[in-house]
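Okay, so here's the structure we're looking at.
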Amino acid sequence: MPSTTETTAVRDPGGAASAAPPGPPPSRARRPSRWWAWGFLAPVTIYLAAFYAYPLYRNVELSLREYTVRSFVQGGAPFAGLDNYQMVLTDLAFGPTLTHTVVFTAASLAFQFTIGMALALFFHQHFPLSRTLRALILVPWLLPLIVSASTWSWLLNSDSGLVNAALGVVGIDPVNWLTSPGWSLTSVIIANVWIGIPFNLVVLYSGLQAIPTEMYEASALDGATGWQRFWGITFPLLRPVSLITLLLGLIYTLKVFDIIWIMTKGGPTGSSATLATWSYRLGFGNLLPEFGPGAAIGNLLIVLALIAGLVYIRIERRQQLR
Amino acid sequence: MTTSTPRAWWKTGVGLVLTGLMLFPVYWMINVSVTRDQDMRASPPHLFPTNGTLDGYRAVLDQQLPYLGTSFLVGLGTVALTVALAAPAGYALAKLRPPGGPALSFLLLIAQMIPGIIMAMGFYAIYLTLGVLNTLPGLILADTTLAVPFAVLIFTAFMSGIPDELLQAAVVDGAGRLRTFWSVVLPVSRNSIVTVSLFAFLWSWSDFIFASTLAGGGDHQPITLGIYHYIGNNNQQWNAIMATAVVASIPAAVLLILAQRYVSMGVTAGAVKD
Chain X
22 MPSTTETTAV RDPGGAASAA PPGPPPSRAR RPSRWWAWGF LAPVTIYLAA
72 FYAYPLYRNV ELSLREYTVR SFVQGGAPFA GLDNYQMVLT DLAFGPTLTH
122 TVVFTAASLA FQFTIGMALA LFFHQHFPLS RTLRALILVP WLLPLIVSAS
172 TWSWLLNSDS GLVNAALGVV GIDPVNWLTS PGWSLTSVII ANVWIGIPFN
222 LVVLYSGLQA IPTEMYEASA LDGATGWQRF WGITFPLLRP VSLITLLLGL
272 IYTLKVFDII WIMTKGGPTG SSATLATWSY RLGFGNLLPE FGPGAAIGNL
322 LIVLALIAGL VYIRIERRQQ LR
Chain P
607 MTTSTPRAWW KTGVGLVLTG LMLFPVYWMI NVSVTRDQDM RASPPHLFPT
657 NGTLDGYRAV LDQQLPYLGT SFLVGLGTVA LTVALAAPAG YALAKLRPPG
707 GPALSFLLLI AQMIPGIIMA MGFYAIYLTL GVLNTLPGLI LADTTLAVPF
757 AVLIFTAFMS GIPDELLQAA VVDGAGRLRT FWSVVLPVSR NSIVTVSLFA
807 FLWSWSDFIF ASTLAGGGDH QPITLGIYHY IGNNNQQWNA IMATAVVASI
857 PAAVLLILAQ RYVSMGVTAG AVKD
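Chains X and P, in that order, give the protein sequences. Every letter in the first sequence is one number past the one before it in this note's numbering, and letter 14, counting from 1, is 35. Every letter in the second sequence is one number past the one before it in this note's numbering, and letter 87, counting from 1, is 693.
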């Protein structure tokens, strides 16, 4: 802390001397004139209002009215209060769907983070080609989700998929990955973990790079083993970055819709449905759309995402203050 | 640094194996895309395309070009709109410090966390009333929401690094704020414009949820829907599906080859401050 104030104090005189004559510090009364800067912010502000706030408002409104296809087009749907929410919460599918959402999110995060961390530690050792290989591993993260999802659908295909063929070689019976209720959630988790590993790798790797090498040199002199170095230095110093990685992962994973919808449509019999796919199914997946309940689920999802988001912002603020 | 010791090369070997494992599904996609129909259900599956065929790619040329064209146009539109909205905002937040600026940054951060399905439903209701469902501008406006918060973040971070002296020199030379922005700030921010454009294009190109809800019933359908319809059809021509997937992956590959540095920058920008 003292060092930062020192550097700003050192840097200040030079900058201030050229701008203002010595004497009283520059007055804060000039601040209001900066309102004109909003000219540069106007486009994005209008855009935020029209294309984030308004759709959100429409979504809340959808959830509070009883829409039919006709009133959706022509307007005039009766106000229904919290009926849609009540309907969703008392639906028999609500419990399982919430459970799937929690399992999907927790399992995805745990595996993405662990594998991402292991890979980050490995690539941090700098060997020939390590940069190129690390860049190549980004590919799954950059591919369109429909590409990844359809590739995994074929890999996990019951009759002709490579995964079952490989299991057959070691004498394990074929698994109906996508078509049996017992395995569908596992299948979409596998695909989602594969997509999420690169993000965890890159962020954790940049966190590792921020750790000064002297710390490792000192502990090497003390004769610490690799395992001791990891738990004694790397892990504690990486905790802030890890926390942020996990929270961002949580926010992204709650949103996941494409992969599940493309691979299983949330089925069979709802066995891989999450809040996001359920909401989509109600709004767009059936011939007779039910926008009210669909929007209500969406709003529940957003509450979950916002709680995670606020925790993220709080933690990040606290780290910046340090 | 002694990088060429045997031990280091041994690690390269392990690294190659790990990368190979991670990228195996990508290899499989390419392999299936050139597999003949009659070999598709072979047991065990052929690991190498010994009797390769380009039938899948012929199907792409025959059937998927309009989808690819739509995706390309939507991508370009999204890039243009994103940069036009976010670059001035980044400049203002980084250099002009307007009152209320931090509040706006906060709102953008929150906006990034809204699940796509919620936005899609709201957009659908609005577009239905306005009559812009199944139009290119409608899809561009929606896809831009995917990139704008990230773009403002990148521009703000980058433009904070522009020396104040440079901007003051422009003011001394008699340039107004708008002129300073146009002829000083934008040219020196080329790297961040590239980063933002690449990601905006990639995200709009990859978008499925807005495409399926806002453009699913019209003449302007992007490539993600092209693949989706292929999967949905029961003929299950997997070499054609995977060939389309390979073609749809080209922008990601180009991005990685041309702009590797920017990609890592973009991934970490949101999560790590240095």
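Note that the Cβ used here is the ideal one computed from N, Cα and C, for glycine as well. Just so we're clear, the structure is a prediction, and the values are computed from it rather than from any experiment.
Counting only Cβ-Cβ distances below 9 Å, P/SER798 has no contacts in chain X at all, with the closest Cβ about 15 Å away. Taking the Cα positions, X/ILE232 is about 22 Å away from X/TYR333.
With respect to the 8 Å criterion, X/PHE72 and P/THR751 are classified as neighbours on the basis of their beta carbons. Proximity of P/ILE724 to chain X, defined by a Cβ-Cβ separation below 8 Å, is satisfied.
CA-to-CA, the gap between X/ASP279 and P/SER818 works out to about 10 Å. Legend: CB atoms of the segment 737-762 of chain P lying less than 8 Å from CB atoms of chain X belong to residues LEU747, ALA748, THR750, THR751, VAL754, VAL758.
Counting every other CB atom within 10 Å of its CB across the protein chains shown gives X/GLY291 a total of 16 or more, marking it as buried. Excluding its 5 nearest sequence neighbours in each direction, X/SER151 has C-beta neighbours in its own chain below 7 Å: PHE144, listed in chain order.
When C-beta atoms of the segment 850-858 of chain P are compared with those of the segment 158-166 of chain X, three or more pairs fall below 8 Å, so the two segments count as touching. Secondary structure at X/ARG86: strand, using DSSP grouped into helix, strand and coil.
Taking 8 Å as the cut-off, the Cβ atoms of X/PRO195 and X/GLY189 count as close. Along the length of the segment 665-722 of chain P, whole alpha helix (DSSP H) runs at least 4 residues long occupy 671-697, 707-717, reported in chain order. Residue X/VAL209 holds the alpha-carbon nearest to the alpha-carbon of X/THR172 among X/VAL209, X/ILE318, X/LEU85, X/PHE312. Under the criterion of beta carbons closer than 8 Å, X/VAL109 and X/ALA317 qualify as touching, at roughly 5 Å. Contacts with chain X (Cβ-Cβ distance below 9 Å) from the segment 767-799 of chain P involve ASP770, GLU771, GLN774, ARG783, LEU784, PHE787, listed in chain order. Apart from sequence neighbours up to five positions away, the residues of its chain that approach X/GLY217 with a beta-carbon distance below 7 Å are SER129, GLN133, GLY270, ordered along the chain. With respect to chain X, the C-beta atom of P/SER810 has no partner C-beta closer than 8 Å. Interface annotation, X/GLY319: in contact with chain P, CB-CB separation under 8 Å. Interface flag for X/ASN307 against chain P is unset, since no Cβ pair is found closer than 8 Å. At a cut-off of 8 Å, the C-beta of X/SER181 has a neighbouring C-beta in chain P.
In the three-state reduction of the DSSP assignment, P/PHE630 falls in the helix class, which pools H, G and I. For the segment 151-167 of chain X, the beta-carbon criterion of a distance under 8 Å to any beta-carbon of chain P is satisfied by SER151, LEU154, ALA156, LEU157, ILE158, LEU159, VAL160, PRO161, TRP162, LEU163, LEU164, PRO165, LEU166, ILE167. Taking the Cα of P/VAL640 as reference, the smallest distance to any Cα among P/ALA775, P/PRO672, P/VAL777, P/ARG664 is reached at P/ARG664.
Annotated three-state conformation of X/PHE148 is coil, per DSSP. Annotated as distal: P/ASP749 and P/ASP825, with beta-carbon spacing of 8 Å or more. Per DSSP, X/ARG260 is one residue of the alpha helix (DSSP H) stretching across 256-276. Fewer than three beta-carbon pairs drawn from the segment 768-777 of chain P and the segment 643-657 of chain P are found closer than 8 Å, and the two stretches are therefore not classed as touching. Nearest CB-CB separation between P/GLN669 and chain X: not below the 8 Å threshold.
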